[in-house]
Every structure is written in structure tokens, then in C-alpha cells.
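Peer 1: If you're matching positions, the sequence shown starts at -7 in my numbering and goes up one per residue. Glycine included, C-beta positions come from ideal geometry on N, C-alpha and C.
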Amino acid sequence: MKKYFFYIIIFLCFSCEKVIDIDTDYSDERIVIDATVFKKLNEKFATAIVRVSTTAPFFSENNTEINNAKVFIKTQKGKVTLNYNTEKKYYSNTIDFSDYEEDYEISIDYDGQSYFSSEKLIKIPPIESVTFGNRKSLNTDEVELLVTFTDPKGVGDYYLWKFGPFGVDNKYDYLVSRDLYIDGNQFTFSFFIDKTKYFNYDEYVNIEISGLTDEGYNYLNILTAQAGAQSGRPFSTASSVIKGNIINQSNPEKFPLGYYRVSEFDYFRLSKKNAPDGTFD
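1) Spatial neighbours of Q241 within its chain, please: C-beta separation below 6 Å, excluding the five flanking residues on both sides.
2) Report the residue from G125, Y102, K265, D258 whose alpha carbon sits nearest the alpha carbon of I199.
3) Run through DSSP, which three-state label would D101 get?
4) Looking at the unbroken beta strand (DSSP E) that takes in T180, where does it start and where does it end?
5) Cα separation between V72 and D143?
6) Would you decide whether Y96 is buried or exposed? Buried here means 16 or more other CB atoms lie within 10 Å of its CB.
7) Using C-beta distances below 7 Å, list every residue in its chain close to F260, excluding the 5 sequence neighbours before and after it, in chain order.
8) For Y164, name the three-state secondary structure that DSSP assigns.
9) I'd like to check one pair, F37 with I98: are the Cβ atoms closer than 8 Å?
10) Going by DSSP in three states, I214 sits in which element: helix, strand or coil?
11) For F37, report the span of its beta strand (DSSP E) as first-last.
12) Considering just the uninterrupted stretch of the beta strand (DSSP E) at E134, what are its terminal residues?
13) Whole angstroms is fine: what's the gap from K264's alpha carbon to F141's?
14) Residues in its own chain within less than 6 Å of G148 by CB, not counting five upstream and five downstream?
15) Determine the closest residue to R253 out of I234, I114, K66, with distance taken between C-alpha atoms.
16) Do T205 and Y150 count as a contact pair if the criterion is CB distance below 8 Å?
17) So if DSSP puts A27 in a beta bridge, which residue, or which two residues, is it bridged to?
18) If you reduce the DSSP assignment to three classes, tell me which class K32 lands in.
19) Use the C-beta contact count for D26: other C-beta atoms within 10 angstroms, 16 or more gives buried, fewer gives exposed.
20) In angstroms with no decimal places, state the Cα-to-Cα distance between L262 and Y196.
21) Roughly how far, in whole angstroms, is the beta-carbon of Y251 from the beta-carbon of Y211, given that I think they are within contact range, below 8 Å?
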């Protein structure tokens, strides 16, 4: 049975402004690790991208990226070294995929400290279709998208959705969801995007699905409630200390900020030429 549900998205609003009080006291510097291994659905190789930096005072203009860490991903096929890209400012490499029960162990050595985490690759369903909807938003710059997929039955899935211009380094709008009421069903949900922002430089919008663990789902909800994912990368850091799934093997109390994810992903590119007449007039 096909189900329809329309979200009122208050989850992430990158464009909103809010007056806040900022405590500029700064003493507890920590390492920040934003690590992802992602594999396109039905492909045999995964890509690892790891950003390593340190926390810094809010008003500091100093570069906090770390370019001299040793970063490895270990699988049953061996250990892969991730190389630093000076232009992109992250470590990356290609990883061979074996099976879904395989552990992807990440190790990061920096400044006498060893950081570690391990995750299995999360399966995800494909995006079946994305179309423009006909509902109007109170914001005249917004246009509706209708996204359809079929949730696997009895798995207990958590999803991270990304909406935005195509590309690894682009900033996206994010939505987290779970299959609590849609388990095993085909499902269509509504998401409103800013057509001016999304289509200003490109004829297409990219919609991407990837998987989350239960721990990752809870972490991301807490993180966005505090920080709003203002960096455009929701797993990076927050305004206060939130413990992720990466441990410091050298000094457990000095745990890093950030998170490590391993997941399949699928995406759908939608052209604005498919929009109803008058949408972009």
C-alpha cells in the first residue's frame, strides 16, 4: 500500500537568523573528526572522506584543519591509507567493498593520540522517483518536491536525506527520518526547497538518501537541536560537547568531537525543466 505523508520541516533552516548570546570563554581544545565511508548503491567500491580539525575560539580566523594526521581504514582486505588533499582539505581514498557484515575500522593518529571507531556498511533502498508537487508554500520562493521510496520490511531503518546542488563539497539541507510508521511500505513525502538558492547556478537539484544507525540518528537529533548544523555538514561539531562514536584510545576522557558513518547512498537528479508551467516565471 502506498502511503503519503507531508512534513512540516522545521528541522534545519540554514537561512534563518536568530540573536544568541555567545560565551567566548575558551579553554578545552578538542580534535574534531568528520568521517564518512559511502558506497553508491549497486557499486563495488566505497569512498572514504575524513576531515580532521581542532576546535577554536568562536571569533578566531585561524585555520584549524589538521593536515599531518595519519588516517587509515582497515577492512578484511587490509589497511588503506587516506591521503590529504590540500585543495579540498580532507583525507580520502577508495575502499574495496566485500559484504555488509564487514567491519570498517578507522584509525587516526595525531599529536601522540590514537583515535578509533568501527562501523558496518548500512544498506539503503533506492529512491524510486522525485517530482515537483503542486502545493504552495507561504514563502513564494519555495517549491514542493515529492520523494518516493519503499522501506524494507522489518529492518528498523533510519535515514539521512540531503537536498541541494550536486557535489561532495556543496552545502545541503538535511532531514533525518525513521520507518516507525512506514515499515515495509512504499512511501511519498513532501519537502519544500528554495528554488532561487537551489537552481541559481544549476539546472538540477540533487536528492540523496543514506543510512543511519540508531546511535547516529539520536546523535544527529541532539546535534541539530543545539547547533542547527550551521556548517552544512551535520556531523561536524556543535556549540557544546556531544560525544560521538569515535574514542580516544590514548586518553578516553579526551574524546574527539564528530562522528564516523559508513553507509550506502542513492541519489536522484531532478531538472527544473520538469517543473509545472509557471514555477520559475
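Peer 2: Well, looking at it:
1) If the five residues before and after Q241 are omitted, its C-beta is found closer than 6 Å to the C-beta atoms of S106, F108, all from its own chain and listed in chain order.
2) D258
3) It is a strand residue.
4) 178 to 186
5) Roughly 33 Å between the two C-alpha positions.
6) buried
7) Answer for F260: I119, V122, I199, listed in chain order.
8) coil
9) no
10) helix
11) 37 to 46
12) 134 to 142
13) Straight-line measurement puts the Cα of F141 at about 21 Å from the Cα of K264.
14) none
15) I114
16) Yes.
17) V42, Y252
18) strand
19) buried
20) 5 Å
21) About 6 Å separates the Cβ atoms of Y251 and Y211, confirming a contact at the 8 Å cut-off.
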